[in-house]
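Asker: Residue numbers (the working numbering), protein chains in the order written: chain B, 1 to 361; chain G, 362 to 988; chain L, 989 to 1196.
C-beta atoms are modelled at their ideal positions from N, C-alpha and C, and glycine is treated no differently.
What follows is a single structure, and I will ask about it in a moment.
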Amino acid sequence: MMKGLKKWRLFSLLAVMMVFLSGCGEDYLSTLKPSGEVGKQQLNLLLMTTIIMTIVVVVVSVIYLLAFVKYRRSKVGENVIPKQVEGSHTLEVIWTVIPIILLLIISVPVVITTYKFADVAAMDEVDAEGNKTALTVNVTAKLYWWEFEYPNQGIITAQELVVPTGEKVYFNLKAADVKHSFWIPAVGGKMDTNVENLNKFYLEFDKESKDLKDGVFYGKCAELCGPSHALMDFKVKALSPEAFDAWVASMKATEGQVADKNAVDLGEKTFANNCLSCHAVSGVGGPGVGPNLTAFGDRNRVAGFLEHNEENLKAWIKNPAEFKPGNLMMKQDGSEPIYGQLTDEEIDALATYIMSLSVEK
Amino acid sequence: MSSYTQKKSFGAIVWDYITTVDHKKLAIMYLLAGTLFFAIAGFEALLMRIQLMKPNNDFVSAGFFNELLTMHGTTMLFLAATPLLFAFMNMLVPLQIGARDVAFPFLNSLGFWLFFLGAVFLHLSFFMGGAPDAGWTSYASLSLYSPGHGIDFYVLGLQISGAGTLISGINFIVTIITMRAPGMTFMRMPLFTWTAMISSALILFAFPPLTIGLLMMLFDRMFGGNFFDHTMGGNTVIWEHLFWIFGHPEVYILVLPAFGLFSEIIPTFSRKRLFGYSSMVFATILIGFLGFMVWAHHMFTTGLGPTANAIFAVATMAIGVPTGMKVFNWILTIWGGSIKVTTPMLYALGFIPSFVAGGVTGVMQAAAPLDYQLHDSYFIVAHFHYVIVGGIVTALFGSAHFYWPIFFNRMLNETLGKITFWVFFIGFHLTFFIQHFLGLMGMPRRVFTYMEGQGWDNFNLISTIGALMMGVGVILLVINCLLSIKGEPAGRDPWGDGRTLEWSIPQPIPFYNFRQTPLVRGLDTWWIEKQEGNTEVTFAEPVGDVHMPNNSAIPVVISLGMFIAAFGALYNPDADKPWSIYILIIGLAITFGAMLTRSLKDDHGFHLHKEDILEIEEHLYGKGGNK
Amino acid sequence: MDYNTKFTPHTWPDHPEQATMEGKNKIVGFWIFLACEVVLFASLFATYLALKNKGPAGMEFSTEKLFELPLAFAMTMLLLTSSLTSVYAIYHMRNFNFKGMQTWLGITVLLGFGFLALEIYEFYHYTHLGFTFTQSAFATSFYSLVGTHGFHVTLGLGWILALMIRNANRGLNLYNAPKFFVAALYWHFIDVVWVFIFTVVYLMGVIG
């Protein structure tokens, strides 16, 4: 019995050690290392509640262990009948009032921040010329990818959200098919993308992402949305305001860009014949059936989670279902991709072409 | 030899169990069925943990993983925890209040068969084209999108077993209101009976919204309805509301009886009256009441607006207060007592810190702005497993040891029991403590795999090792149960410190429970009698004739009709199965026919005469013995 | 008291439905069941209110255009009256007047069938206009709410009829008295639900 107790202590000690050893997770992904005002306030709430709750756990555990140690039958005596106490009003009042006070302490910042995070009034503010002053991004979640439209800038991209640092970025969230949830753990809490209404919230990015391991923050889908829910990742590039403006300008410059069906380049030709009907290659335009590929060459991942190289891209084009089961690039019966089976030569050329699509290079 | 004391053939015993209306036999059936589904769902959990053991694992496919997570959650809550608690409620409530059976023995049997056949129906999905795969919450947009019949199995299976649960809930409430022995006032009822009643009241108000939600899903998926199709004006958030108006109280439906079980174990092995009995009762009622006011805390990120979020956040935190009252009352029960660390007590002692840990993370998630980070991450997975495993499963395991002699007149092995506890308990903390941090480090829940380089690899491995230990613990418990078959009869009040009426009954318990209805003289009436040196409770009546209900096969037939009809509804949307509508009609005809038979055929029960009782008791306890 | 005891109007208890343990249990249980039915209908009402007039873009149906108060009013009158007649039936049951009870129950059933006929006509009329179950979320929620009530009416009619036929030849005793009482209770509940449907769906739909 006591041996078991020792073992338990050892294990809990080990667990605590492990936590310290591996730190608080990765700075591009962990809610414990936030890079934005929203995330920081949420971390503060986490710390505050953790401290209060740890006190509660410690107090309970101490009284409990004390009782347990003091009143073992082996100590009290085998035949002792303890006094049958009915209860105590004073004690009941104490352990009712103290938790109420603790909870009141917690609920004040909770209510304040709840309202603060929901304040999106600035989305409608306009300057003297009638232009919206705040940066807004329309996020549309689709099986299993993300579309990011910048309505005030008139540009659109996918899979990789590009934002400026140092200002509030407002989001209109919507799902095109089933419910998803938009989450950038290292920057701030999530919000669901519903199918029937727009959800609005904001995030702030304090830190440029270029110094992170992959140069991006990781974004996740946080609501079960089908077989490939786990793979519905996106990435976030946080740029300095100047770099962001430059990015917007270069995206705008791709207006009207298309792939030519009669192009000399086999890749472009194949793209025009097989891909263009769903995937646009111009950053100016409306929502597409598939992800907009204008800036594909600048991205960090193929399909949101595979390493960014031509091999993965080719394998993806050959059989997207192998990587993201249930995705909509396949025909209804799942036998082959919508664009049919391309030849190896075509796929090679296609991959090179898609990789060459860039606005930053 | 009368028919009551004759040895029966195996077939007759099976038939007796199928048609029985005896609450004790139904309790054993609930226990067996619950254990079966607990094992299945536990196995599913192990498969998931093995898949997540290392990054990029391909042990199971993405689609199958979603089926596993859905079936694990659904089975554990509806088909394992609920029936296992019903096993204890069925066995103990009539014994604790001094009744010879529940108020509606027939409905008790019907409740079991509806639950069981609904559960079997749901599990048939694995062999008939795929299990449901939209999570136990089955959010409407995904579940409407989900191809195949998986979701249909979910909807119909839960509808049937939910009806069974509802019927049992009503039965318990009426039993407790009307069937108490003389002297058993409400404030003398054992706390487990109190929690059984409040929990049943929660079932009563929580299950209808689920029934309606499932009905809507059924209409939408199988009959062209438009409740959740937003292109036709529908709204999927309605499902979320209905589901959580049910889903949150469901947690309390399960945890309150668990509290009740611990409130029996702790006083027994502390040899001390439950501290603050009346405030425990009050806290139970308050938790039940508040449980209905907080459902939207599951929907903080749905976009209900800051006012709704703030209100539900504060309301949710309020639940911490009565729960805290309970914890302190348990500790104060131990304080000044005489603690004997038996296996059940060990579970109770392990429960207190585990459950408090689960409770405080609950308060953290009640903080809405913080929940935006924690929601749908592994943090929430850790939280609810701390509450459910740390609260409910420990209660079930501890009570299995505690009440085994009431169920089977055998004791479980104490040494093996303690080993089981430590293996399971350490495994449990190893599995779930670490998951808090996985969530904080950005890992979403319900993911079938994860890429390397996100800092999650080690913690997931540790979690899997813990899960395997929990698996070993469960196997040890089952072995212990099987070994007890060969054990010695435990006899009356085998723990020596029993306090409530169920321990006063001679073992094995005759099918009419009490030869004479007891007269209850206070809280913990058996303890009072023992303290006064009595070896028998005071009786409220002389030995006389006893009225008992007849066995009936009608509950099985009613449930079978529903089971058959469910296949008809399931295949209704398939154009190539025009026969499905006839199956539906045949099934419903069987059900309504059986109900009509029940209405038209009088069933007055039977009278057990004084002589029969004396003969049975002589057969059970020997001549003149064990009075 | 035993079930098989033969009674005269003098020995018949004042509250025969509660004279046995089974009868008492049945009544307590049934009230609790009705509480659960209240929640069931509350869920349906809430859904109906959320989806009222919601449909695909450009839907031509709305509560104002669709519902006709005179018909709904007639249905209300039929059901309210049937509730009253079931009270008479229970009054006669308590006075050990089996014939009186059967007569009033018969009238109750007739009124119930009248209600059901009007409801079937109403649904038939709407589907003829194109307002079918699958037409819109509004239609689905309307038919589900009102249809669930209609289903309850049908069950209630079947129940009362079965009781009347089963006991036609043996008269009242303590075994069937609670059954009649509980069936009447159910019938009142159905009536109360309809009052809410009339108010929320029809009155507020046409006027509100």
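Kindly indicate if chain G contains any beta-carbon less than 8 Å away from that of residue 140 of chain B.
Answerer: no
Asker: Whole angstroms are fine: how far does the CA of residue 379 of chain G sit from the CA of residue 953 of chain G?
Answerer: 20 Å
Asker: Can residue 528 of chain G and residue 468 of chain G be called in contact, C-beta distance under 8 Å?
Answerer: yes
Asker: Tell me which same chain residues have a C-beta within less than 8 Å of the C-beta of residue 850 of chain G, skipping the five on either side of it?
Answerer: 770, 771, 868 and 869
Asker: Which class does residue 172 of chain B belong to by DSSP, given the choice of helix, strand or coil?
Answerer: In the structure shown, residue 172 of chain B falls within a strand segment according to DSSP collapsed to helix, strand and coil.
Asker: Verify whether the separation of the beta carbon atoms of residue 42 of chain B and residue 734 of chain G is less than 8 Å.
Answerer: yes
Asker: Taking contact to mean at least 3 C-beta pairs separated by less than 8 Å, is the segment 890-904 of chain G in contact with the segment 913-923 of chain G?
Answerer: no
Asker: Which residues in the same chain as residue 285 of chain B place their Cβ atom closer than 7 Å to its Cβ, once the five residues preceding and following it in sequence are excluded?
Answerer: 156
Asker: Quick check: what's the CA-CA separation for residue 883 of chain G versus residue 861 of chain G?
Answerer: 10 Å
Asker: Identify each residue in the segment 520-539 of chain G for which the Cβ-Cβ distance to at least one residue of chain A is less than 7 Å, and report them in chain order.
Answerer: Absence of chain A from the displayed structure is noted, the protein chains being B, G and L.
Asker: Enumerate in chain order the residues of its own chain whose CB-to-CB distance from residue 695 of chain G is below 7 Å, with the five nearest sequence positions on each side excluded.
Answerer: 627 and 631
Asker: With a threshold of 8 Å between beta-carbons, can residue 927 of chain G be considered close to chain L, or not?
Answerer: no
Asker: Name, please, each residue of chain G whose Cβ falls closer than 7 Å to the Cβ of residue 76 of chain B.
Answerer: 699
Asker: Name the DSSP beta bridge partners of residue 306 of chain B, please?
Answerer: B:302
Asker: Looking at the secondary structure, which residues open and close the beta strand (DSSP E) in which residue 183 of chain B lies?
Answerer: Counting along the chain, residue 183 of chain B sits inside the beta strand (DSSP E) bounded by residues 180-184.
Asker: At the 8 Å Cβ level, is residue 1114 of chain L part of the contact set with chain G, yes or no?
Answerer: No, residue 1114 of chain L lies away from the interface with chain G (no Cβ there is under 8 Å from its Cβ).
Asker: Going by Cα to Cα distance, which pick from B:255, B:141 and B:297 is closest to residue 221 of chain B?
Answerer: B:141
Asker: Relative to the C-alpha of residue 634 of chain G, which residue among B:343, B:86 and B:68 is closest?
Answerer: B:86
Asker: Any contact between the segment 830-838 of chain G and the segment 421-434 of chain G? By contact I mean 3 or more CB pairs, one from each, below 8 Å.
Answerer: no
Asker: State the beta-bridge partners of residue 145 of chain B as determined by DSSP.
Answerer: B:142
Asker: Please classify residue 548 of chain G as buried or exposed, where buried requires at least 16 other C-beta atoms within 10 Å of its C-beta.
Answerer: exposed
Asker: Beta-carbon of residue 1021 of chain L versus every beta-carbon of chain G: anything under 8 Å?
Answerer: At least one beta carbon of chain G lies nearer than 8 Å to the beta carbon of residue 1021 of chain L.
Asker: Within the segment 718-782 of chain G, note down every full alpha helix (DSSP H) run reaching 4 residues or more, in order along the chain.
Answerer: 729-735, 739-748 and 755-769
Asker: Suppose you measure from the CA of residue 852 of chain G to the CA of residue 777 of chain G; what does that come to, to the nearest Å?
Answerer: Straight-line spacing of the CA atoms in residue 852 of chain G and residue 777 of chain G works out to 21 Å.
Asker: Have a look at residue 384 of chain B and residue 151 of chain B and give me their C-alpha separation to the nearest angstrom.
Answerer: As displayed, chain B neither begins before 1 nor continues past 361, which places residue 384 of chain B out of reach and without an answer.
Asker: List the endpoints of the continuous beta strand (DSSP E) containing residue 909 of chain G.
Answerer: Looking at the DSSP string, the run of the beta strand (DSSP E) that includes residue 909 of chain G is 907-909.
Asker: Sort out for me which residues DSSP pairs residue 968 of chain G with in a bridge.
Answerer: G:908
Asker: Run down chain G in chain order and give the residues with a C-beta less than 8 Å from the C-beta of residue 114 of chain B.
Answerer: One finds 667, 670, 671, 674, 729 and 730 in chain G with Cβ atoms closer than 8 Å to the Cβ of residue 114 of chain B, taken in chain order.
Asker: Under 7 Å Cβ-Cβ, which residues of chain G neighbour residue 1203 of chain L?
Answerer: There is simply no residue 1203 of chain L to check, as chain L begins at 989 and stops at 1196 in what is shown.
Asker: Compare the C-beta of residue 588 of chain G against all C-beta atoms of chain L and say whether one is closer than 8 Å.
Answerer: yes
Asker: Return the CA-CA distance between residue 332 of chain G and residue 908 of chain G, expressed in angstroms with no decimal places.
Answerer: Coverage of chain G is limited to positions 362 through 988, which leaves residue 332 of chain G absent and any answer about it impossible.
Asker: Return the residue from the list B:205, B:65, B:361 and B:45 that minimises the CA-CA distance to residue 28 of chain B.
Answerer: B:205
Asker: Would you mind giving the Cβ-Cβ distance between residue 620 of chain G and residue 567 of chain G, rounded to the nearest angstrom? I have them listed as a contact below 8 Å.
Answerer: Not really, about 17 Å apart at Cβ, beyond 8 Å.
Asker: Taking the straight line between their C-alpha atoms, what separation do you get for residue 1040 of chain L and residue 1125 of chain L?
Answerer: 8 Å
Asker: With 16 as the cutoff for other CB atoms within 10 Å, does residue 461 of chain G come out buried or exposed?
Answerer: buried
Asker: Just checking: is the beta-carbon of residue 244 of chain B within a distance shorter than 8 Å of some beta-carbon in chain G?
Answerer: no
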